[in-house]
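Peer 1: These protein sequence lines are chains A and B, in that order. For the first sequence, my numbering gives the first residue as 5, with consecutive numbering after it. For the second sequence, my numbering gives the first residue as 5, with consecutive numbering after it. Backbone N, C-alpha and C fix where the C-beta goes; we use that ideal spot for every residue, glycine too.
Number of protein chains: 2
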Amino acid sequence: MGGIDEVARLAGVSTATVSRALSGNGAVSPATRMRVVDVAHSLGYVVSSNASSLASGRTKNVGAVVPFLNRWFFSSVIEGAERALLRAGYDLTLYNLAGGGDERRSVFEHFLLRKRVDAVIAISLELTEDEVSRLLALGKPVVGVGGPLAGVPTLMIDDVRVARLATEHLLALGHTRIGHIGGNEASDLDFHMPASRRTGYDEAMRAAGLAPESMPFHAGDFTIQGGYRAAAQLLGEQSSRPTAVFAASDEMAIGTILAARDLGLSVPHDVSVIGIDGHELAEFFGLTTVEQFPEQQGERAVELLMQRLATDAVEQPSTSESLPFSLAVRASTAPPVG
Amino acid sequence: MGGIDEVARLAGVSTATVSRALSGNGAVSPATRMRVVDVAHSLGYVVSSNASSLASGRTKNVGAVVPFLNRWFFSSVIEGAERALLRAGYDLTLYNLAGGGDERRSVFEHFLLRKRVDAVIAISLELTEDEVSRLLALGKPVVGVGGPLAGVPTLMIDDVRVARLATEHLLALGHTRIGHIGGNEASDLDFHMPASRRTGYDEAMRAAGLAPESMPFHAGDFTIQGGYRAAAQLLGEQSSRPTAVFAASDEMAIGTILAARDLGLSVPHDVSVIGIDGHELAEFFGLTTVEQFPEQQGERAVELLMQRLATDAVEQPSTSESLPFSLAVRASTAPPVG
DNA sequence: CTGAAAGCGCTAACAC
DNA sequence: GTGTTAGCGCTTTCAG
């Protein structure tokens, strides 16, 4: 439990030199550095983050604010971010808004203010104006992942294009009756994502000369269960049944596949199904999907933050970055059966 | 961005009083306290955690060490823990060992040592002796959740009893050929859990006068996919097919249900399936299971830590606590068809 | 390249 | 109940 001065004493240098040697800030002769590092190591000495933070103003810690944790997308982003942060010597402290109400407020009015973080990653968050301005008022780099945040640089896939790509895949196979399972009113208020994906679908349909309004649509809540229920409706009546379904998420697409089976429909023979996400279960279900890569998104977010922290850039570059995605064709889509 | 002395000045008291009023440590007259709190609030003042930690030795932060993040059990425990911590004014910083190798080492040799946490929650972790002793050497309260950690008080369900209960449910329904899908050699080395669950199964079978060795067994990796593959083997050959399957996790049980369907078997008519966990998808699949409650486990872990922190107990009470579980009967189990 | 010394913003004795 | 004051363990000018 020795402190920096014990290291200094044993290495025969001043504490200032130890600090410089261990942090890499300031010039130290290679020989001295080695000696210091050795002593520190043999003592099991690790800089106290609090003392260091207090003196330097840097915490080596970033906050991640999420609306939930136990959803594939969020936990994947965090996993990627965490990995990248560890490599950079940073900790990740988690602020989960799932509690709602008071807890949510306290995160913005208390926890984030205690100077414990150098930067913040906001994941798929729909924040109120007040919350955003509090975030920005921290005067710290903030980056959003997976959802647009007014005034905050954000990493996200282009949902319109992604949805268009998915729909075009079905169109290219020859489908002309393509149902859609998207967000409900509630989710549309909270996120742009479902609306954007629907827009992409509409665009693709219109470009193909088809009227999206006349196609079957049902809302789901982005879970397997929700997708199942929506699909049961969509596929339930023989007469209006589409030959293909575009679900706005893989989980809903999986629900669709399960519903089809339960209705005695074969996928893709009777109905093709495509999703969006690249969920870990997609391959298992043979689901064709447009993959996004949440772990890489987390890593990329960290990269941006590190860059910003390194250059002391107070300015928030409001350039939002569009992330890669790619169509993964599997067994759930095929040409319609004549 | 004012500091404590600005608050002190405006409230007309000393910084010591502000500190006492805001932290609750030490006596302050109600009137003074109110005044201080008001001023602090109107200034948007929040105590700097670093300065406070440095001076007091308490960080108001706990570390959570997990092997993965994107699995239902882990993220649920964390969600519960995080909620409880927020309420207590604590932050949760996450240490994800998923990276393996170097990153894993650095967590134990560097990150946890920088005095950023007051306590540690270790979730379902199988740690080396060295890692455990490093954890204990922190001199901080540590509690394990979901897996026994030598020398660390741990919260977990009694896996043997849980598995016995599941197996007994099948036996009570009249099944006598009960297959088991459990862990593989790799997972058995890393966790006791699969082995314990198998023990419970063995015990229940023997108690019913059945020989577990002669029953079909297949290893899975605790995912839906893994369960599917194992079940396909187990149910694949007509002659040796069991009338019921006990899977050591709900995800594997769900895989089993899906495999049964694909083999043209009806659940529960041709084969009953039971799992363990109370996974969020269990209800959707009509899966009978023995539920455990990971979010509550996370909350309970925090409760224990808070208690320990409050009483300054350096002693690790090595009393491990056994957690509640309960059988949830759904449509996937029924008497065997004569 | 290295050392001396002044804080960083709070807390906790210790007085009163 | 409240104020004074000496640190907590580092980092960072400023000299040299």
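1. Does ASP95 (chain B) have its Cβ less than 8 Å from a Cβ in chain A?
2. Which residues bound the alpha helix (DSSP H) around ILE261 (chain A)?
3. Report the three-state DSSP secondary structure of GLY209 (chain A) (helix, strand or coil).
4. Anything in chain B within Cβ reach of GLN229 (chain A), meaning under 7 Å, just list it in chain order.
5. Residues of chain A with CB under 8 Å from LEU58 (chain B), in chain order?
6. Return helix, strand or coil for THR158 (chain B), following the three-state DSSP convention.
7. DSSP puts GLU295 (chain A) in a beta bridge; with which residues?
8. Please list, in chain order, all residues of the same chain as PRO152 (chain A) whose beta carbon is under 8 Å from its beta carbon, the five residues on each side excluded.
9. Can you list the residues of chain A that ARG120 (chain B) reaches, using a CB-CB cut of under 8 Å?
10. I need the boundaries of the beta strand (DSSP E) containing LEU98 (chain A), first residue and last residue.
11. For GLU113 (chain B), list the residues DSSP reports as bridge partners.
12. Mind listing the chain B neighbours of HIS283 (chain A)? Cutoff is C-beta to C-beta under 7 Å, in chain order.
13. Examine chain B for any beta-carbon lying closer than 8 Å to the beta-carbon of GLU325 (chain A), and answer yes or no.
14. If you count every other CB in all the chains shown that lies within 10 Å of the CB of HIS184 (chain A), and 16 or more means buried, which is it?
15. Rounded to whole angstroms, what is the Cα-Cα separation between ALA211 (chain B) and VAL333 (chain B)?
16. Is any beta-carbon of chain A found at less than 8 Å from that of ASN29 (chain B)?
17. Give me the Cα-Cα distance between PHE221 (chain A) and THR247 (chain A), rounded to the nearest whole angstrom.
18. Between LEU344 (chain A) and the rest of its own chain, which residues show a CB-CB distance below 7 Å, the 5 nearest in sequence each way excluded?
19. At the level of alpha carbons, what is the spacing between THR19 (chain B) and GLY93 (chain B)?
20. At the level of alpha carbons, what is the spacing between GLU217 (chain A) and ASP163 (chain A)?
21. Secondary structure at SER276 (chain A), three-state DSSP: helix, strand or coil?
22. For the structure I just gave you, are there three or more beta carbon pairs, one from the stretch 73-87 of chain A and one from the stretch 134-142 of chain A, closer than 8 Å?
23. For LEU101 (chain B) and HIS179 (chain A), what's the separation of their Cα atoms in angstroms?
24. Helix or strand or just coil, what does DSSP make of LEU153 (chain A)?
25. Mind checking PRO145 (chain A): buried by the 16 CB within 10 Å criterion, or exposed?
26. State the Cα-Cα distance for the pair ARG87 (chain B) and GLY230 (chain A), rounded to the nearest angstrom.
27. Quickly, what does DSSP pair ILE125 (chain B) with across the bridge? List them, please.
28. Quick check: LEU47 (chain A) and GLU10 (chain A), are their CB atoms within less than 8 Å of each other?
29. Between the alpha carbons of THR21 (chain A) and SER27 (chain B), how many angstroms are there, rounded?
30. Under the three-state reduction of DSSP, which class applies to GLU189 (chain A): helix, strand or coil?
31. Which one of A:MET310, A:SER52 and A:THR315 has the shortest CA to CA distance from ILE8 (chain A)?
32. Between the stretch 134-146 of chain A and chain B, which residues of the former have a C-beta closer than 7 Å to a C-beta of the latter?
33. Beta strand (DSSP E) containing PHE221 (chain A): first to last residue?
34. So is PRO328 (chain A) buried or exposed if we call it buried at 16+ other beta carbons inside 10 Å?
35. Distance cutoff 8 Å, beta carbons only. Does ARG87 (chain B) sit that close to anything in chain A?
36. Taking ALA251 (chain B) as part of the beta strand (DSSP E), name the residues at either end of that continuous run.
Peer 2: In brief:
1. yes
2. 254-266
3. It is Met, not Gly, that sits at residue 209 (chain A) in the sequence shown. Reduced to three states, the DSSP call for MET209 (chain A) is helix.
4. PHE288
5. SER52, ASN54, ALA55 and LEU58
6. strand
7. A:ASP281 and A:SER330
8. THR158, MET160, HIS196 and SER324
9. SER53, ASN54, ASN65 and ASP95
10. 95-100
11. DSSP output for GLU113 (chain B) lists no bridge partner at all.
12. Here the premise fails: no neighbours, minimum Cβ distance about 11 Å.
13. no
14. buried
15. 22 Å
16. no
17. 13 Å
18. Nothing about residue 344 (chain A) can be read from this structure; chain A reaches only from 5 to 342.
19. 21 Å
20. 20 Å
21. strand
22. no
23. 46 Å
24. strand
25. buried
26. 26 Å
27. B:ALA68 and B:VAL147
28. yes
29. 36 Å
30. helix
31. A:SER52
32. none
33. 221-223
34. exposed
35. yes
36. 248-251
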